[in-house]
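S.K.: Have a look at this one before I ask anything.
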Amino acid sequence: MDALPSSYRLLAALPARLCARRPLPSQLRAARVAPPHWRFTKQIRSISAVAGKAPTIDRSKSKLFDSADEAVADVQSGSTILSAGFGLCGVAETLIQALQKRGPESLHSLTAVSNNAGIEDVGGLAHLTKNGQVNKLIISFLGNNKALEKQYLSGGIEIELCPQGTLAERIRSAGAGIPAFYTPTAVNTLLQDGKIPARFDKEGKAIGFGTKREVREFNGKKFLMETALPGDVAIIRAHKVDEAGNCVFRYTTKAFGPIMAKAARLTIVEAEHIVPIGTFDANEIDLPGIFVDRIVPATVPNSIEIKKLRDPSSSGKPAAGHRARIAKRAAKELKQGYYVNLGVGIPTEAATYVPDGVKVWLQSENGILGMGPHPTEEEVDADIVNAGKQTVTLLPGASTFDSSESFGMIRGGHVDVSILGALQVSASGDLANYMVPGKVFKGMGGAMDLVSNPEATKVVVATEHVAKDGSSKIVQECKLPLTGAKCVSTIITDLCVFEVDRVNGGLTLTEIAPGVTVEQVREKTDAKFKVADDLKSMEGDAQIEGA
1183 MDALPSSYRL LAALPARLCA RRPLPSQLRA ARVAPPHWRF TKQIRSISAV
1233 AGKAPTIDRS KSKLFDSADE AVADVQSGST ILSAGFGLCG VAETLIQALQ
1283 KRGPESLHSL TAVSNNAGIE DVGGLAHLTK NGQVNKLIIS FLGNNKALEK
1333 QYLSGGIEIE LCPQGTLAER IRSAGAGIPA FYTPTAVNTL LQDGKIPARF
1383 DKEGKAIGFG TKREVREFNG KKFLMETALP GDVAIIRAHK VDEAGNCVFR
1433 YTTKAFGPIM AKAARLTIVE AEHIVPIGTF DANEIDLPGI FVDRIVPATV
1483 PNSIEIKKLR DPSSSGKPAA GHRARIAKRA AKELKQGYYV NLGVGIPTEA
1533 ATYVPDGVKV WLQSENGILG MGPHPTEEEV DADIVNAGKQ TVTLLPGAST
1583 FDSSESFGMI RGGHVDVSIL GALQVSASGD LANYMVPGKV FKGMGGAMDL
1633 VSNPEATKVV VATEHVAKDG SSKIVQECKL PLTGAKCVST IITDLCVFEV
1683 DRVNGGLTLT EIAPGVTVEQ VREKTDAKFK VADDLKSMEG DAQIEGA
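Residues in the sequence shown are numbered from 1183 upward in steps of one, following the working numbering.
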């Protein structure tokens, strides 16, 4: 055997059971007809995972498995699992339920990486966290999972919160063999300082925190170093897959699927349709088969987290009031041809006030450009959701893409305007909108990325002037943890509009709501401000006399 090439010696040393081809699933045998050129040119290789928790990959076997249970049977305790999906859209629910069925005695101490962790008793990683199989989550947003939030704040699980765009880029980098990168996201925040709590004790006291980031300056601007985030096993859901592993995704289901498949030592795909090799044209393939190791049928149907419908007989505009006033004024920031990202809540409502004839391209950070209104009942598609996990539609000319590309648009300054809500915004343009210590701790989602390049993307805050307790949201200095520093250019409230001097600090009152006086604005504003010489009305361009 020593005279043989090393590759042949390796093959000869393998047990016969590893070299045997796995039988095809019974329901697929009749459909599988490999083209002659593929039968004669297929290479036989066997590759074992490097040191880690990934199961063995045997290239000599078929990628097709009869069931999800069989495909996850050798996933090891202590593994890092990359779980694709956004909300419940594109989640590998069949595979997650198969992991859950193994139980905490057989499979435990997992680290799970995902954008969010699903909803208790409904879907997503919540099945595994509730089952006690996950020790640590790396996510950007807790979402509506109240049980997980309680588990986190009482010491039952460790959670590393990571900005959504940074999370996507860390995963993409792992798949591309890049160990680290620099990003403008989260500069001058608790994330930079490693002070976001990751673990609490049973009394709710923070006892573990994130890692302090290395800071480096490029061209006069600060950036944080982030490290790649590889996984042992990726679980993803595709619309279609052929027997070579080539995948086709639908719409926003591709948010994290393709990048996670590339970042794991072993990738398992569940698909709604499994087809023979040669079915796809090369132009149709979203994910090449080289990144896929195991294929199973998807047996659990798609879920919709928030089914949001529109009434065709309604204008879609909010009822007259404070919110309507803010949204209507915010719409003036949206100019012909602009590419715009709108946060959830009041910012989203601004789109309904864009005048007829003005074309604005709405970008959603989960991977849509050209987002339309909410659907009617007949238009609902579980695979088309916005960043708030609500059902939406696509306009003519729309495109969909993965999260790394989406946040490349955002950090790269290709988006013209980003409108967000706020808990607090300061006189120098600092923004706090994701966390109230001891009360609200949902995660930052994509907000830190959306404000990371204010030199190229105008950041507008649309918010009510005071909080529910009557305290001012417009403050001299933010007391709450920052989403971004010196990033906001314009503040729109139900009382007025401020322009922000981000360089030198300071607010200028430029517009005021009908029936509101400058003194009333001063009474409800914690921050100092000056009044523009040409103070105007929020609902028109008329100058306010005697201001």
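All C-beta atoms in this analysis are idealised placements derived from N, C-alpha and C, irrespective of residue type, glycine included.
Please report the straight-line C-alpha distance between Ala1233 and Glu1252, rounded to a whole angstrom.
M.R.: A caution first: Ala1233 carries a pLDDT of 41, below 50, which makes its placement in the model unreliable, though a value can still be read off. Looking at the two C-alpha atoms, the distance is approximately 23 angstroms.
S.K.: Which of helix, strand or coil does DSSP assign to Gln1225?
M.R.: Because Gln1225 sits at a pLDDT of 32, beneath the cut-off of 50, its placement in the model cannot be relied upon, and the point is left open.
S.K.: At which residues does the alpha helix (DSSP H) containing Leu1330 begin and terminate?
M.R.: Here the alpha helix (DSSP H) through Leu1330 covers Lys1328 to Leu1335.
S.K.: Taking C-alpha atoms, which residue in Val1273, Ala1368, Gln1333 and Ser1242 lies nearest to Lys1404?
M.R.: The residue with the shortest Cα to Cα distance from Lys1404 is Ala1368.
S.K.: My understanding is that Asp1612 touches His1647, with C-beta atoms under 8 angstroms, so please give their C-beta distance in whole angstroms.
M.R.: Contact doesn't hold; Cβ gap of about 17 angstroms is too wide.
S.K.: What does the Cβ neighbour count give for Gln1518, buried or exposed, with the cut at 16 atoms within 10 Å?
M.R.: Result: exposed.
S.K.: Nearest to Ile1417 by alpha carbon, out of Asp1475, Gly1376, Leu1691 and Arg1704?
M.R.: The option with the nearest alpha carbon to Ile1417 is Asp1475.
S.K.: Just tell me which of Leu1576, Thr1238, Thr1481 and Gly1549 has its CA closest to the CA of Ser1586.
M.R.: The option with the nearest alpha carbon to Ser1586 is Gly1549.
S.K.: Within 10 angstroms of its Cβ, does Glu1396 collect 16 or more other Cβ (buried), or is it exposed?
M.R.: Exposed.
S.K.: Which residue from Asn1523, Val1522, Ile1528 and Lys1514 puts its Cα closest to that of Ala1506?
M.R.: Nearest C-alpha to Ala1506: Ile1528.
S.K.: Do you know offhand how far Ala1614's Cα is from Pro1458's?
M.R.: About 51 angstroms.
S.K.: Of the residues Ala1513, Gly1376, Ala1308 and Phe1382, which one's Cα is nearest the Cα of Gly1338?
M.R.: Ranking Ala1513, Gly1376, Ala1308 and Phe1382 by Cα distance to Gly1338 puts Phe1382 first.
S.K.: On the three-state DSSP scale, how would you describe Arg1511?
M.R.: Three-state DSSP puts Arg1511 in a helix.
S.K.: Tell me, please, whether the region 1685-1704 touches the region 1385-1402 by the rule of three or more beta-carbon pairs shorter than 8 angstroms.
M.R.: In short, these stretches do not touch, since the Cβ pair count stays below three.
S.K.: Could you pull the start and end residues of the beta strand (DSSP E) that Gly1267 belongs to?
M.R.: Gly1267 -> no beta strand (DSSP E), and no H or E assigned at all.
S.K.: State the DSSP-derived secondary structure class of Ile1694, mapped to helix, strand or coil.
M.R.: In the structure shown, Ile1694 sits in a strand (DSSP, three-state: E or B).
S.K.: For the ligand GDP, is there any heavy atom lying closer than 7 angstroms to the beta carbon of Phe1405?
M.R.: Looking for the ligand GDP in the displayed structure turns up nothing, as the structure carries no ligands at all.
S.K.: With DSSP collapsed to three states, give me the class of Leu1544.
M.R.: Strand at Leu1544.
S.K.: Using 8 angstroms as the threshold, is the C-beta distance between Met1591 and Gln1545 below it?
M.R.: Yes, Cβ-Cβ distance for Met1591 and Gln1545 is below 8 angstroms.
S.K.: I need the DSSP call for Ala1349, collapsed to helix, strand or coil.
M.R.: The residue asked about is misnamed: residue 1349 is Leu in this sequence, not Ala. Helix.
S.K.: Return the residue from the list Asp1424, Pro1663, Tyr1334 and Ile1674 that minimises the CA-CA distance to Gly1386.
M.R.: When each option's Cα is compared against that of Gly1386, the closest is Tyr1334.
S.K.: Would you mind stating whether Phe1438 and Phe1268 have Cβ atoms separated by less than 8 angstroms?
M.R.: Their beta carbons are under 8 angstroms apart, which means Phe1438 touches Phe1268 by this criterion.
S.K.: Rounded to a whole number of angstroms, what is the C-alpha to C-alpha distance between Asp1683 and Phe1711?
M.R.: Looking at the two C-alpha atoms, the distance is approximately 11 angstroms.
S.K.: How about the region 1462-1482 and the region 1567-1576: do they share at least three Cβ pairs that are nearer than 8 angstroms?
M.R.: The region 1462-1482 vs the region 1567-1576: no contact.
S.K.: Excluding the 5 residues flanking Gly1525 on each side, which residues of the same chain have their C-beta closer than 7 angstroms to its C-beta?
M.R.: Cβ neighbours of Gly1525 beyond the five flanking positions: Ile1601, Leu1602 and Gly1603.
S.K.: In the DSSP assignment, the beta strand (DSSP E) including Arg1381 goes from what residue to what residue?
M.R.: Unbroken beta strand (DSSP E) run through Arg1381: Pro1379 to Phe1382.
S.K.: Measure the alpha-carbon distance for Val1633 versus Glu1342 and round it to whole angstroms.
M.R.: Cα to Cα, the separation comes out at about 21 angstroms.
S.K.: Of the residues Ala1512, His1596 and Lys1283, which one's Cα is nearest the Cα of Arg1638?
M.R.: A small correction: the amino acid at residue 1638 is Ala; Arg does not occupy that position in the sequence shown. With distances taken between Cα atoms, Ala1638 lies closest to His1596.
S.K.: Measure the beta-carbon distance from Arg1492 to Pro1555 and round it to whole angstroms, keeping in mind my assumption that it falls under 8 angstroms.
M.R.: Indeed, because the Cβ distance is near 5 angstroms, the residues count as touching under 8 angstroms.
S.K.: From what residue to what residue does the alpha helix (DSSP H) around Thr1276 run?
M.R.: Start and end: Glu1275 to Ser1288.
S.K.: Sort Ile1674, Gly1627 and Ala1443 by Cα distance to Asn1326 and report the nearest one.
M.R.: Considering only alpha carbons, the answer is Gly1627.
S.K.: DSSP three-state label for Pro1458, please.
M.R.: Reduced to three states, the DSSP call for Pro1458 is coil.
S.K.: Quick check on Asn1635: buried or exposed, where buried means 16 or more other Cβ atoms within 10 Å of its Cβ?
M.R.: Result: buried.
S.K.: Among Leu1664, Gly1260 and Arg1432, which has the Cα closest to the Cα of Lys1318?
M.R.: Per the Cα distances, Gly1260.
S.K.: Identify which residue in Gln1702, Ala1236, Asp1715 and Leu1246 has its Cα closest to the Cα of Thr1293.
M.R.: The residue with the shortest Cα to Cα distance from Thr1293 is Ala1236.
S.K.: Who pairs with Val1430 in a beta bridge, going by DSSP?
M.R.: Answer by DSSP bridge pairing, in chain order: Lys1422.
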